[in-house]
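Residue numbering for the sequence shown follows the numbering used here, beginning at 315 and increasing consecutively. Positions of the beta carbon are idealized from the N, C-alpha and C atoms, including for glycine.
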Amino acid sequence: MPASDLPTKPDSTACIEPPSKIEGTLDNSFAEIDWQAPWLLHITQRHYLSTTIERLSRPSQQMNSLSESDSLDEQYVDASDISTPDTIANVLKTAMQQQANHLEQPLPQTKPTHNQMPQTLQFVSQNALPDGEAYEHFIGTTGNIPTRDNLHDLFNGSIWLTFPKTKAVLNYYHMLEIAKQGVSERRGRVRDTITVFDENGAVLVTADPNIGEALVDFDWQSSLVRPRDKWDDPIQPDDSAQAAVYIFGHALLEQLLYPRKPLCAHSIVIHVTQSFFTLPLAERIRFLDDKVAEYMDTLLSKDDVTPRQLAPLPILGVPHFWAENAVPDFYEDSYVFRSGRRQKNKKE
């Protein structure tokens, strides 16, 4: 994949105009987000999200004693008539509109089914979801994403901002399954696979096929340890890197507020040429959104799809995600880095 395959666009993490000021108050849980964590650096509009969320979750006593740097942030979020309630929905709605303006593109849309036209996506109050209507059906038929003022929905919205095409594909297959089976406690294999990836997914992108194959085979030494020098550092990207992980699952991002070694993602592998790693981060993510959407479209259309086709990945074992994994002994914990079903099957 030569870099010239992608149109040159400015970095989507930058804002080209002062965003609208969002009024409201968020609880202290939002103040716990470390927006500099390596697993959050790929989030589209991260600077705007972090600036706004930090201001809204700042204790009231601090609001009365802003430092000079805080005052600059206050200038950054210029005035508007947007008001509470539904603070997170308004934050995400503003971020999505800014991104569209920045790229000089229309807002993203749903993937249409045979009887549903594409709908323009936007974030709305959870109260907009009619009683008894399935969340995914409502998104598919209206484009409206019901959003609560909690961390789970903030991270869900951040993934809609970052991977809108992929999220639309997942919602499309939810719609197809709901049309076939209705809404019940048993989701079936397709919707189970969607849910696992949507909540807990990660994308390994690599220019070295051996790394992807080793990950799928639970060969942690060959995927995470020995080729460590091939892994990209999210904080200091390397043009010569050959592997990186980007988190897709919003529930996983929420769990990573309090990182624990046993946290495990369910991943897919996207193969690229090494030139992928020469691209700016924003270009990488736009390219990946296309590729992951294609991958999931193919996977979910298969009759035998199952969540077991998503490869387990202990997320704090990703090189450069966690300081402690710089020591090879980190990977000797057999409770976390298990031999896995595939290697067991090989032995049999």
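Hey, how far is the Cα of residue i from the Cα of residue j?
i	j	result
threonine 476	phenylalanine 469	10 Å
histidine 634	arginine 542	9 Å
aspartate 392	valine 530	A caution first: aspartate 392 carries a pLDDT of 36, below 50, which makes its placement in the model unreliable, though a value can still be read off. Whole-angstrom Cα-Cα distance: 47 Å.
valine 586	threonine 427	30 Å
glutamate 337	tyrosine 449	26 Å
histidine 564	asparagine 514	7 Å
methionine 410	glutamine 569	24 Å
leucine 370	threonine 339	5 Å
tryptophan 353	asparagine 429	38 Å
leucine 518	aspartate 512	15 Å
histidine 451	aspartate 400	21 Å
leucine 538	proline 573	19 Å
threonine 424	proline 642	44 Å
methionine 610	isoleucine 525	20 Å
proline 576	valine 559	17 Å
phenylalanine 644	tryptophan 636	10 Å
threonine 654	arginine 503	According to the sequence shown, residue 654 is glycine rather than threonine. Roughly 21 Å separates the two Cα atoms.
histidine 416	serine 648	46 Å
isoleucine 402	asparagine 464	8 Å
glutamine 495	methionine 431	21 Å
glycine 454	isoleucine 584	27 Å
glutamate 646	serine 472	34 Å
aspartate 445	arginine 652	43 Å
asparagine 441	glutamine 419	29 Å
threonine 366	leucine 406	10 Å
threonine 520	glutamine 588	8 Å
methionine 489	glutamate 447	12 Å
glutamate 597	histidine 361	17 Å
leucine 355	arginine 372	22 Å
arginine 540	aspartate 546	14 Å
Using CA coordinates, which residue listed in the options is at the minimum distance from residue i?
i	options	result
isoleucine 357	Ala442, Leu566, Leu595	Leu595
serine 364	Ala345, Asn514, Gln423	Ala345
threonine 507	Thr620, Pro642, Gln350	Thr620
valine 510	Ser554, Ile453, Ile561, Met410	Ile561
tryptophan 534	Glu450, Val483, Leu627, Phe601	Leu627
alanine 607	Tyr486, Asp647, Arg652	Tyr486
proline 548	Ile599, Leu484, Ser581	Ile599
serine 581	Thr408, Arg501, Leu613	Leu613
asparagine 404	Ser343, Asp467, Pro432	Asp467
threonine 456	Thr434, His361, Ile473	Thr434
leucine 443	Val632, Pro460, Phe532	Pro460
asparagine 342	Leu355, Glu368, Gln350	Glu368
phenylalanine 532	Gln623, Trp545, Arg505, Lys544	Gln623
proline 422	Gln436, Gln550, Met431	Gln436
alanine 640	Leu571, Leu630, Ser472	Leu630
proline 478	Glu638, Gln350, Leu355, Leu602	Leu602
valine 294	Leu593, Val583, Cys578	The structure shown does not extend to residue 294, since the chain is modelled only from 315 to 662, so the question has no answer here.
aspartate 604	Gln550, Lys481, Ala516	Lys481
tryptophan 474	Glu418, Met489, Thr408, Ser536	Thr408
valine 632	Tyr362, Arg372, Ala516, Ser615	Ala516
For residue i and residue j, which I take to be in contact (beta-carbon distance under 8 Å), what is that distance rounded to the nearest angstrom?
i	j	result
aspartate 522	alanine 557	6 Å
glutamate 491	arginine 505	5 Å
lysine 544	alanine 528	At roughly 12 Å, the Cβ-Cβ gap does not stay under 8 Å, so lysine 544 and alanine 528 are not in contact.
aspartate 552	phenylalanine 591	7 Å
glutamine 413	glutamine 350	Not quite, the Cβ-Cβ distance comes to about 21 Å (not below 8 Å), so this is no contact.
valine 438	asparagine 458	4 Å
leucine 277	isoleucine 347	With the chain represented from 315 up to 662, any question about residue 277 goes unanswered, as that position is not in the structure.
Bridge partners of residue i, per DSSP?
i	result
valine 519	Ala558, Ile584
phenylalanine 651	None; phenylalanine 651 has no bridge partner.
serine 439	Thr461
leucine 627	Ala579
glutamine 423	Thr434
tryptophan 545	Ala557
Kindly examine the ligand MG and report whether one of its heavy atoms sits closer than 7 Å to the Cβ of residue i.
i	result
tyrosine 645	Ligands in the displayed structure: none, and consequently the ligand MG is not present.
Can you confirm whether residue i, when its beta carbon is compared against all beta carbons of chain C, has any partner nearer than 8 Å?
i	result
threonine 401	Protein chains in the displayed structure number just one, and chain C is not present.
Checklist entry - Which runs of the alpha helix (DSSP H) fall wholly inside the region 450-521 and span at least 4 residues, in chain order? => result 465-476, 478-495, 502-514
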